[in-house]
Structures are given as C-alpha cells and as structure tokens.
Amino acid sequence: MALDLSGTPALITGAGSGIGKATALKLAQVGAQLFLIGRTEAKLLNVQQEIAEQYPNVEVAIAAIDVTDKQALETAVNAAVERFGKLSIVVANGTLNPLDLLSASAPLISLPSIVLTATITPYHPRNSWCHHRSDRAI
Numbered sequence: 049m050a051l052d053l054s055g056t057p058a059l060i061t062g063a064g065s066g067i068g069k070a071t072a073l074k075l076a077q078v079g080a081q082l083f084l085i086g087r088t089e090a091k092l093l094n095v096q097q098e099i100a101e102q103y104p105n106v107e108v109a110i111a112a113i114d115v116t117d118k119q120a121l122e123t124a125v126n127a128a129v130e131r132f133g134k135l136s137i138v139v140a141n142g143t144l145n146p147l148d149l150l151s152a153s154a155p156l157i158s159l160p161s162i163v164l165t166a167t168i169t170p171y172h173p174r175n176s177w178c179h180h181r182s183d184r185a186i
C-alpha cells in the first residue's frame, strides 16, 4: 500500500539542500503540504519551484531564517501554523535542538504526531519536551 499524506502539513528545517531537500521532495511526492525553512532564500525558492513543477497540487511556503535565532524560529513556526492550521510532521534537519523547534510555539499549535530529526542532539527522553508532548519521536 502506498503512503498517502495528502494535505498533511509538514515543516522541514534545512530544506534548501541535502537531506532537507530530499525529504521535502519525498513528502511532496506523497501529497504533504510543506513549510520549508532554510538560511538561503534562493535555495528555498529553487526547491519550491522544483516541487511546483513536479507536484502542482502541493502547497509550499518558505521562510529564509537562521534557526538558531529563536525569535525568527518562533515567527516561522507561527506562520506555518497560521497557514496550515496545525503541524502534523516536523523534520528538524537544520542546526538546532529539535526540542527548540517544537517548543517555539508549544501553546499555539496542535502538536505534531511525527517528529523526525537528522541532527545529533543529546537529550534524555525522560526529560525531553518531545517525550511528553508528541506521539512519536524518531
């Protein structure tokens, strides 16, 4: 059975290239609506255009920010939630603690059921924000 994420809102950091871009393309292929975050607007625009050409029914929004800037990160996460109503998938692929990404707007969002991270972040699951507020952390 093929995976179908039609209309499922997903936020991906580090989406301008590499693993983040590949993840965005794969999620677009299965129908997810995407909010892409990265440092370089030109790279994000290229990914957005590539997705638009290959998957015209997929909605893609972008935010060119430095994810280590917590104010900018909070603004971007809030924009994603405002656009899609919630976040169901979060891929914390940029250079940040994925728990910071989730906690940026904790009281404001319907919490993601899937959290993917490509970063190596030491944390103890018993103390993590994610452990208590998300269905799954991968």
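To convert a position in the sequence shown, counted from 1, into this note's numbering, add 48.
Glycine included, each C-beta is placed from N, C-alpha and C at the ideal position.
Judged by DSSP in its simplified three-state form, A80 adopts coil rather than helix or strand. A Cβ-Cβ contact shorter than 9 Å links L92 with I85. At a Cβ-Cβ threshold of 9 Å, P57 and L73 do not count as neighbours. Residue pairing of I85 in beta bridges, as defined by DSSP: T61 and A111. DSSP, reduced to helix, strand and coil, places A72 within a helical segment of the structure shown. Counting only residues of its own chain and dropping the five nearest sequence neighbours on each side, G68 has a CB closer than 6 Å to the CB of I60, G62 and N141. Under the criterion of beta carbons closer than 8 Å, V129 and L121 do not qualify as touching, at roughly 13 Å.
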